[in-house]
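A.B. asks:
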Amino acid sequence: MKIQLKYFASVREALGRADEAVDLPDGIATLGDVRAWLRVRGGIWADTLAEGRALRMACNHVMTDAGTRVTEGCEVAFFPPVTGG
Amino acid sequence: MTVRVQTEDFDLSTEVAALRAQNPKVGAVACFVGTVRDLNEGSTVEAMELEHYPGMTEKSLETIVAATRKRWPGTEVLIVHRVGRLYPLDQIVLVATTSAHRGNAFASCEFVMDYLKTHAPFWKKEKTEQGERWVDARVTDDAALERWGLSSVNAEVKEP
Numbered sequence: 001m002k003i004q005l006k007y008f009a010s011v012r013e014a015l016g017r018a019d020e021a022v023d024l025p026d027g028i029a030t031l032g033d034v035r036a037w038l039r040v041r042g043g044i045w046a047d048t049l050a051e052g053r054a055l056r057m058a059c060n061h062v063m064t065d066a067g068t069r070v071t072e073g074c075e076v077a078f079f080p081p082v083t084g085g
Numbered sequence: 001m002t003v004r005v006q007t008e009d010f011d012l013s014t015e016v017a018a019l020r021a022q023n024p025k026v027g028a029v030a031c032f033v034g035t036v037r038d039l040n041e042g043s044t045v046e047a048m049e050l051e052h053y054p055g056m057t058e059k060s061l062e063t064i065v066a067a068t069r070k071r072w073p074g075t076e077v078l079i080v081h082r083v084g085r086l087y088p089l090d091q092i093v094l095v096a097t098t099s100a101h102r103g104n105a106f107a108s109c110e111f112v113m114d115y116l117k118t119h120a121p122f123w124k125k126e127k128t129e130q131g132e133r134w135v136d137a138r139v140t141d142d143a144a145l146e147r148w149g150l151s152s153v154n155a156e157v158k159e160p
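These protein sequence lines map, in sequence, to chains L and G.
Residue numbers for the first sequence follow the numbering used here, beginning at 1 and rising by one.
Residue numbers for the second sequence follow the numbering used here, beginning at 1 and rising by one.
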């Protein structure tokens, strides 16, 4: 399944990229799965996306949680807690 | 347009005039303007960079406007949020709400800000004498939204 990934703010800086297109292997079904799959890259990926780190996520421009299922062509974003206003 | 994200500054009088134009039902306008402080958590702030998530930002602000109008029917809502590089004294955000009476205008204006602080995808990075740092989310902002009966876990370390 092909999806788009986006990273923002401190997460974008830590990972050194703002976006990428990925082809998910079978079995990666939820946003939480995607996060865990990206951690397998190791190094800064394992650190930045580690469980217990304050990380928020969105799917198709809606803030959501790790249990949300990914769909073909969806846009998934990972970012820190928001600080606007 | 009731929701705008822009780099340019805004003029409060012009925005309020446009919001209540041709609407004699309005008897109250409440406004909030957030500005850049020169001091945050003990450090002198020289400048600030505001990042956002184009596309999602507008959508989330429109969701906030819809939730506000549902809670206070008849209320008009304007949100203008700046992004990019800002300096102390600069305006960051404008929220204006209109209503027949002041109670709903005050309440809805505060509701919009509490919602925005915890749900709209903006991030502040400050430039201080110690270097650059991302601003931390505050648990008090989550508590502020919870007063309205909405849960918020933005500042929590654990996932929602």
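Here a beta-carbon is modelled for each residue, glycine too, at the ideal position from N, C-alpha and C.
Keep in mind that this is a model prediction, so the values were computed, not measured.
How big is the Cα-Cα spacing for A58(L) and G27(L)?
C.D. replies: As a first step, residue 58(L) must be located in the first sequence, where it is residue number 58. As a first step, residue 27(L) must be located in the first sequence, where it is residue number 27. Using only the alpha carbons, I get a separation of about 20 Å.
A.B. asks: Quick check on T140(G): does DSSP put it in helix, strand or coil?
C.D. replies: In the second sequence, counting from the first residue as 1, residue 140(G) sits at position 140. Here T140(G) sits in helix by DSSP.
A.B. asks: Would you kindly check if the distance between the Cβ of G84(L) and the Cβ of A120(G) is under 9 Å?
C.D. replies: Here residue 120(G) is taken as the residue at index 120 of the second sequence, counted from 1. Here residue 84(L) is taken as the residue at index 84 of the first sequence, counted from 1. Cβ distance < 9 Å, so A120(G) and G84(L) count as in contact.
A.B. asks: Is any beta-carbon of chain G found at less than 9 Å from that of V76(L)?
C.D. replies: For the purposes of this step, residue 76(L) is identified with residue 76 of the first sequence, where counting begins at 1. No, V76(L) does not count as interfacial toward chain G.
A.B. asks: Is there at least one Cβ from chain G nearer than 9 Å to G73(L)'s Cβ?
C.D. replies: Here residue 73(L) refers to the residue found at position 73 of the first sequence. Not an interface residue.
A.B. asks: Would you identify the three-state DSSP class for M1(L), choosing helix, strand or coil?
C.D. replies: Position 1 of the first sequence holds residue 1(L). Note: M1(L) maps to coil in three-state DSSP.
A.B. asks: Looking at the C-beta of W72(G), does it have a partner C-beta in chain L at a distance below 9 Å?
C.D. replies: Position 72 of the second sequence, counting from 1, holds the residue named residue 72(G). No, W72(G) does not count as interfacial toward chain L.
A.B. asks: Among the residues of its own chain, which have a CB less than 7 Å from the CB of E46(G), if the five just before and after it don't count?
C.D. replies: Counting from one through the second sequence, the residue named residue 46(G) turns up at place 46. Excluding positions up to five away in sequence, the list reads K127 and T128.
A.B. asks: When you check each C-beta in the stretch 91-104 of chain G against every C-beta of chain L, which residues fall closer than 8 Å?
C.D. replies: The stretch 91-104 of chain G vs chain L, Cβ under 8 Å: I92 and V93.
A.B. asks: To the nearest angstrom, how far is it from the Cα of H81(G) to the Cα of A18(G)?
C.D. replies: Counting from 1 along the second sequence, the entry for residue 81(G) is found at position 81. Counting from 1 along the second sequence, the entry for residue 18(G) is found at position 18. Taking the straight line joining both Cα atoms gives about 17 Å.
A.B. asks: Measuring straight from C-alpha to C-alpha, what distance separates A77(L) and K6(L)?
C.D. replies: Taking the first sequence and counting its residues from 1, the one referred to as residue 77(L) is at position 77. Taking the first sequence and counting its residues from 1, the one referred to as residue 6(L) is at position 6. Approximately 4 Å between the Cα atoms of the pair.
A.B. asks: Taking the straight line between their C-alpha atoms, what separation do you get for N23(G) and H101(G)?
C.D. replies: By 1-based counting over the second sequence, the position of residue 23(G) is 23. By 1-based counting over the second sequence, the position of residue 101(G) is 101. Cα-Cα distance, rounded: 14 Å.
A.B. asks: So what's D23(L) in DSSP terms, helix, strand or just coil?
C.D. replies: The residue given as residue 23(L) occupies position 23 in the first sequence. DSSP places D23(L) in strand when its eight states are reduced to three.
A.B. asks: In its own chain, which residues sit with a C-beta less than 6 Å from the C-beta of P160(G), not counting the 5 before and 5 after it?
C.D. replies: One-based indexing of the second sequence puts residue 160(G) at position 160. Unreliable placement is indicated for P160(G), whose pLDDT of 47 sits below 50; the coordinate value is still reported in the next sentence. Hits under 6 Å: V153.
A.B. asks: Check whether the Cβ of R56(L) lies closer than 9 Å to any Cβ atom in chain G.
C.D. replies: For this step, residue 56(L) is matched to residue 56 along the first sequence. Chain G contact via Cβ: present.
A.B. asks: L82(L) touches chain G at which residues, Cβ-Cβ below 8 Å?
C.D. replies: Translated into positions along the first sequence, residue 82(L) becomes position 82. Looking at the sequence shown, residue 82(L) is not Leu but Val. In chain order: K117, T118, H119, A120, P121, F122, W123, A137 and N154.
A.B. asks: Since K59(G) meets chain L, which of its residues come closer than 7 Å, beta carbon to beta carbon?
C.D. replies: The count along the second sequence starts at 1 and reaches residue 59(G) at position 59. Residues of chain L passing the Cβ test: H61.
A.B. asks: For a test of the three-state rule: what should DSSP assign to P160(G), helix, strand or coil?
C.D. replies: Residue mapping note: residue 160(G) aligns to position 160 of the second sequence, counting from 1. Legend: pLDDT at P160(G) = 47, less than 50; position of this residue unreliable, no value from coordinates given.
A.B. asks: Any beta carbon of chain L sitting closer than 9 Å to that of P160(G)?
C.D. replies: Locating residue 160(G) in the second sequence gives position 160, where the first residue counts as 1. Only weak support is given to the placement of P160(G): the predicted model assigns it a pLDDT of 47, under 50, and the question is left unresolved by the model.
A.B. asks: I want to verify the contact list: residues of chain L whose CB lies under 9 Å from the CB of W134(G), in sequence order.
C.D. replies: As a working mapping, residue 134(G) is identified with position 134 in the second sequence. Residues of chain L passing the Cβ test: A9, S10, E13, P80 and T83.
A.B. asks: Hey, is G55(G)'s beta-carbon within less than 9 Å of any beta-carbon in chain L?
C.D. replies: Position 55 of the second sequence, counted from the start, is the residue given in the question as residue 55(G). Yes, because at least one Cβ of chain L sits closer than 9 Å to the Cβ of G55(G).
A.B. asks: Determine the closest residue to S13(G) out of W134(G), K125(G), C109(G) and V95(G), with distance taken between C-alpha atoms.
C.D. replies: As a position in the second sequence, residue 13(G) is number 13, starting the count at 1. Of W134(G), K125(G), C109(G) and V95(G), the residue nearest in Cα terms is V95(G).
A.B. asks: Starting from F78(L), follow the beta strand (DSSP E) in both directions and report where the run begins and ends.
C.D. replies: Within the first sequence, the letter at position 78 stands for residue 78(L). Here the beta strand (DSSP E) through F78(L) covers E75 to F79.
A.B. asks: Kindly list the residues whose CB is nearer than 6 Å to the CB of R12(L), restricted to its own chain and excluding five residues on each side of it in sequence; keep chain order.
C.D. replies: Counting from one through the first sequence, the residue named residue 12(L) turns up at place 12. The answer, listed in chain order, is A18.
A.B. asks: Have a look at the DSSP bridge pairing and note the partners of H81(G).
C.D. replies: To locate residue 81(G), count along the second sequence from 1; it is residue 81. Answer by DSSP bridge pairing, in chain order: V5(G) and V93(G).
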